[in-house]
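Single-structure report; data block below.
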Amino acid sequence: MAEPGMEPELEAERGPEAVTAEAVLRELRLFELRCEGEEVPDKLVELCLSHGLGPVALANELLAFVTSKDLDLQLTPEGLDAFEHEVLAKRGSRGRRGRDERRGLLHDIHSLQGLLDEEQEDELLDAYTTPSKGSHKRSNSTPETPQAKRAPPSRSPLGLFSPGSFSPSVTPSQKYSSRTGRGEAVATFGAVQGQVWLGTGGTAAFGSPEQLLSQPYRFMFQKLLDVREALAERVEELGEVLRRHHGLEGFSSAVIPAQEPVTVLGTISCDGNGKLNPKSVLLVGDREHSGGAQVPLDLSELPEYSLFPGQVVALEGTNPTGRRMVVTKIYEGVPLPFHTPTEPMPEARRVLVACGPFTPSDGAAFEPLRDLLGVVSRERPDLCILFGPFLDAKHEQVESCQLLSPFSDVFRLCLRTIIEGTRSSGCQLVLVPSLRDVSHLPVYPQPPFAFPELPKEDRARVLLLPEPCTLDVDGVVLGLSSTDLLLHLGAEEICSSSGLSDRFSRILRHVLTQRSFYPLYPPPEGLPLHLEALGAFAALPVTPDVLVTPSELRFFIKDVLGCVCINPGRLTKGQAGGTYGRLLLRRDGHGDRTSPCVAAQVVRI
Numbered sequence: 013m014a015e016p017g018m019e020p021e022l023e024a025e026r027g028p029e030a031v032t033a034e035a036v037l038r039e040l041r042l043f044e045l046r047c048e049g050e051e052v053p054d055k056l057v058e059l060c061l062s063h064g065l066g067p068v069a070l071a072n073e074l075l076a077f078v079t080s081k082d083l084d085l086q087l088t089p090e091g092l093d094a095f096e097h098e099v100l101a102k103r104g105s106r107g108r109r110g111r112d113e114r115r116g117l118l119h120d121i122h123s124l125q126g127l128l129d130e131e132q133e134d135e136l137l138d139a140y141t142t143p144s145k146g147s148h149k150r151s152n153s154t155p156e157t158p159q160a161k162r163a164p165p166s167r168s169p170l171g172l173f174s175p176g177s178f179s180p181s182v183t184p185s186q187k188y189s190s191r192t193g194r195g196e197a198v199a200t201f202g203a204v205q206g207q208v209w210l211g212t213g214g215t216a217a218f219g220s221p222e223q224l225l226s227q228p229y230r231f232m233f234q235k236l237l238d239v240r241e242a243l244a245e246r247v248e249e250l251g252e253v254l255r256r257h258h259g260l261e262g263f264s265s266a267v268i269p270a271q272e273p274v275t276v277l278g279t280i281s282c283d284g285n286g287k288l289n290p291k292s293v294l295l296v297g298d299r300e301h302s303g304g305a306q307v308p309l310d311l312s313e314l315p316e317y318s319l320f321p322g323q324v325v326a327l328e329g330t331n332p333t334g335r336r337m338v339v340t341k342i343y344e345g346v347p348l349p350f351h352t353p354t355e356p357m358p359e360a361r362r363v364l365v366a367c368g369p370f371t372p373s374d375g376a377a378f379e380p381l382r383d384l385l386g387v388v389s390r391e392r393p394d395l396c397i398l399f400g401p402f403l404d405a406k407h408e409q410v411e412s413c414q415l416l417s418p419f420s421d422v423f424r425l426c427l428r429t430i431i432e433g434t435r436s437s438g439c440q441l442v443l444v445p446s447l448r449d450v451s452h453l454p455v456y457p458q459p460p461f462a463f464p465e466l467p468k469e470d471r472a473r474v475l476l477l478p479e480p481c482t483l484d485v486d487g488v489v490l491g492l493s494s495t496d497l498l499l500h501l502g503a504e505e506i507c508s509s510s511g512l513s514d515r516f517s518r519i520l521r522h523v524l525t526q527r528s529f530y531p532l533y534p535p536p537e538g539l540p541l542h543l544e545a546l547g548a549f550a551a552l553p554v555t556p557d558v559l560v561t562p563s564e565l566r567f568f569i570k571d572v573l574g575c576v577c578i579n580p581g582r583l584t585k586g587q588a589g590g591t592y593g594r595l596l597l598r599r600d601g602h603g604d605r606t607s608p609c610v611a612a613q614v615v616r617i
């Protein structure tokens with residue numbers, strides 16, 4: 013048996029063993045590792061072939077993974093996916109560091125042409141020489157995927173500017189191509205009977221022009237005084253809403269000793285740099301009554317609560333010493349009213365929503381994007397909403413600068429492909445950026461894409477919106493955000509509930525009652541939040557009829573406080589295919605309010 017951590021090359025010197033399901037299972041049995049399900053052996057063989065591992069090396073890696081994570085010895089498909097993501101993907105990225113550094117450089121048209129000519133000269137010389145035994149010449153191919161000969165017409169760098177040839181390795185993703193359940197609806201909301209009509213109504217950004225972020229702004233220049241003012245204004249605004257809604261007489265200081273119950277206003281915070289927990293909760297009092305002073309909170313008297321850093325709350329309790337407040341009641345937040353259009357909706361509208369990445373993690377061939385455009389051509393929705401990242405900053409080939417053309421060129425071609433691919437369907441197209449878009453400004457809120465090359469014939473149907481934004485579709489208001497608030501807020505929230513509690517519903521309820529697309533503060537590391545712009549451009553103008561919040565977490569469709577909230581997932585999940593969403597909007601112009609989202613689905617690509 014090989015030593016743990018043996019590289020495939022050493023194993024090959026010993027005499028490589030054929031990669032078969034029987035060989036892999038034989039090695040696993042030596043470590044008492046067992047397989048659960050018929051698909052697990054095939055998955056193990058796929059891992060060997062995809063990552064250049066032999067049965068012995070794979071068994072060693074699996075044993076190390078299971079032991080370090082203290083997992084069960086029963087291997088499941090979900091466990092193998094986690095193993096591939098956490099171990100094999102990182103192992104492959106380390107192996108790529110020894111490649112030619114020139115592959116990681118950015119090239120323009122002329123330098124790229126010279127690189128191609130130089131490679132062709134090397135190939136010509138190799139044809140007349142005998143390779144030496146110790147030659148270490150760089151190869152662009154793997155043993156499983158021999159390098160294809162370059163056809164003469166594609167020698168021009170302009171021939172590289174197609175979605176299938178952005179990366180040195182353009183072999184289609186085996187895992188994505190072999191996905192199952194294509195077109196399967198995995199989550200459903202509502203039911204519709206009869207024919208679905210195609211509408212031709214109007215779509216535009218919702219709200220006044222000053223509420224819409226339409227151009228870049230100066231960031232990284234926030235002054236502490238301006239940050240304090242932005243936070244204080246938000247507390248005062250929501251505090252007045254809480255006072256009026258719950259009929260409170262007024263607020264008291266959070267730090268003055270009080271033997272009798274008092275009501276205080278402030279923001280939830282943590283007493284350290286770690287994660288919030290029930291013993292570390294602080295209340296940062298409002299400026300008017302408490303002067304911004306902090307007081308620890310005792311939550312032991314509360315039957316249930318749900319709190320997170322940055323949450324504006326009104327609390328009732330006692331503070332006998334002035335040093336710790338015993339909370340007995342939390343006043344619940346109040347959502348904004350819904351938009352009430354004056355004119356009836358002319359026809360039902362079909363909406364398709366999808367979120368990037370649009371490429372699998374093991375290549376930049378944009379196969380998922382091509383499949384999605386095929387869905388748009390077949391189903392012909394009235395509105396297609398696409399969220400970034402369109403060129404993901406976390407993609408392996410982007411992080412290692414392996415793309416053969418500049419990021420901006422790849423990004424523009426991606427947008428051009430989307431615009432041209434949806435033109436024949438006649439649908440309106442909405443593009444929302446992401447903080448993970450490598451060629452866009454990394455600040456939240458994020459201005460819309462600048463795309464001056466947009467053809468005149470498409471300017472009426474293509475709408476470039478900021479992140480986040482609200483969209484008016486014939487009187488139906490959609491809230492759109494590509495930032496993974498569910499993941500960020502879910503990691504910081506603390507909760508105590510006496511009954512069954514749905515975490516997603518709690519988080520979405522916080523978004524609606526805090527009246528902000530991003531109420532978490534401070535944000536997690538890596539999210540460049542601009543507080544002044546947050547209050548101006550990321551506040552909810554109304555409670556949306558539909559809230560679309562793509563996330564890395566599991567897809568869902570939920571009705572929260574009358575708002576239909578959908579997480580359509582991402583179009584790709586690593587090397588595998590992901591999901592997208594469908595909505596059917598139909599609004600009645602009379603009677604009591606009913607949700608205009610009469611049906612919704614999350615579908616596998």
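The sequence shown runs contiguously to residue 617 in the working numbering.
Yeah, the Cβ is synthetic: ideal placement off N, Cα and C, and Gly gets one too.
**Prompt:** Does the region 559-574 come within contact of the region 454-468, defined as at least 3 CB pairs closer than 8 Å?
**Reply:** no
**Message:** I believe His542 touches Phe231 by the beta-carbon criterion, under 8 Å. Please report the beta-carbon distance rounded to the nearest angstrom.
**Reply:** 5 Å
**Message:** Does any residue of chain C have a CB that is nearer than 8 Å to the CB of Leu597?
**Reply:** Of the protein chains in the structure, only one exists, and it is not chain C.
**Prompt:** On the premise that Asn579 lies in contact with Thr555, defined as a C-beta separation below 8 Å, what is that separation, rounded to the nearest angstrom?
**Reply:** The Cβ separation is near 18 Å, so there is no contact.
**Request:** Taking Asp394 and Arg435 to be in contact with their CB atoms under 8 Å, please state how far apart those CB atoms are, rounded to whole angstroms.
**Result:** Not really, about 15 Å apart at Cβ, beyond 8 Å.
**Asked** When DSSP labels each residue in this structure, what does Ala588 get in the three-state scheme?
**Response** strand
**Asked** What distance in whole Å lies between the Cβ atoms of Gly368 and Phe419, which are believed to be in contact at a cut-off of 8 Å?
**Response** Phe419 to Gly368, Cβ: 14 Å. No contact.
**Message:** For Arg41, tell me which candidate among Glu50, Ser226, Lys55 and Leu74 has the shortest Cα-Cα distance.
**Reply:** Leu74
**Asked** Are the region 469-485 and the region 215-235 touching by the rule of at least three beta carbon pairs closer than 8 Å?
**Response** yes
**Asked** Would you report the Cα separation of Val324 and Gly259, rounded to the nearest angstrom?
**Response** 17 Å
**Prompt:** What whole-angstrom Cβ distance do Gly334 and Pro269 have, given they're in contact under 8 Å?
**Reply:** 4 Å
**Prompt:** Among all the DSSP beta bridges, which residues are the ones paired with Lys341?
**Reply:** Glu328
**Prompt:** Can you give the Cα-Cα distance for Val614 and Ala366, rounded to whole angstroms?
**Reply:** 10 Å
**Prompt:** Is it buried or exposed for Cys609, if we count other Cβ within 10 angstroms and need 16 for buried?
**Reply:** buried
**Request:** Give a yes or no on contact between the region 526-545 and the region 305-324, applying the rule of three or more CB pairs nearer than 8 Å.
**Result:** yes
**Message:** Going by DSSP, what residue range makes up the beta strand (DSSP E) through Arg616?
**Reply:** Cys609 to Arg616
**Asked** What number of angstroms, rounded off, separates the C-alpha of Arg619 from the C-alpha of Glu564?
**Response** The first residue shown for the chain is 13 and the last is 617, placing residue 619 beyond what the model contains.
**Prompt:** What is the rounded straight-line gap between the Cα of Arg299 and the Cα of Leu447?
**Reply:** 32 Å
**Item:** Distance between Leu453 and Ser168 (C-alpha atoms, nearest Å)
**Value:** At Ser168 the pLDDT is 32, less than 50, meaning the model places this residue with poor confidence and gives no usable figure here.
**Message:** Using 8 Å as the threshold, is the C-beta distance between Phe568 and Ala197 below it?
**Reply:** no
**Message:** By DSSP's criteria, Arg46 is part of a beta bridge. Which residues make up the other side?
**Reply:** Gln86
**Asked** Should Asn331 go down as buried or exposed, given a rule of 16 or more other Cβ atoms within 10 Å for buried?
**Response** buried
**Asked** Comparing alpha-carbon positions, which option in Cys47, Gln86 and Val307 lies nearest Leu294?
**Response** Val307
**Asked** Taking the alpha carbon of Val267 as the point to measure from, which residue in Arg336, Asp404 and Gln440 has its own alpha carbon closest?
**Response** Arg336
**Request:** Let me know if Glu39 comes out buried or exposed under the rule of 16 or more other beta-carbons within 10 Å of its beta-carbon.
**Result:** buried
**Request:** Might you give, ordered along the chain, the residues of its own chain that have their beta carbon closer than 6 Å to the beta carbon of Thr32, omitting 5 neighbours on each side?
**Result:** none
**Asked** What's the C-alpha gap between Pro273 and Gly329?
**Response** 5 Å
**Item:** Per-residue burial, Glu113 [other beta carbons within 10 Å of its own, 16 or more giving buried]
**Value:** Annotation note: pLDDT 43 at Glu113 (below 50); position unreliable, no value reported.
**Item:** DSSP bridge partner residues for Asn579 (one or two, in chain order)
**Value:** Phe568
**Item:** First through last residue of the alpha helix (DSSP H) which encompasses Gln409
**Value:** Glu408 to Glu411
**Message:** In the DSSP output, what is Leu447 paired with across the bridge?
**Reply:** The partner list for Leu447 (beta bridge, DSSP) is empty, contrary to what the question assumes.
**Prompt:** Buried or exposed: where does Lys55 fall if 16 or more other Cβ atoms within 10 Å of its Cβ makes it buried?
**Reply:** buried
**Prompt:** Where Phe201 and Ser607 are concerned, what is the direct C-alpha to C-alpha distance, given to the nearest angstrom?
**Reply:** 12 Å
**Request:** Whole angstroms is fine: what's the gap from Phe549's alpha carbon to Arg527's?
**Result:** 12 Å
**Prompt:** Gly278 bridges to which residues according to DSSP?
**Reply:** Gly297 and Val325
**Item:** Contacts around Phe95, its chain only, beta-carbon distance under 6 Å, and the 5 residues preceding and following it disregarded
**Value:** Phe77
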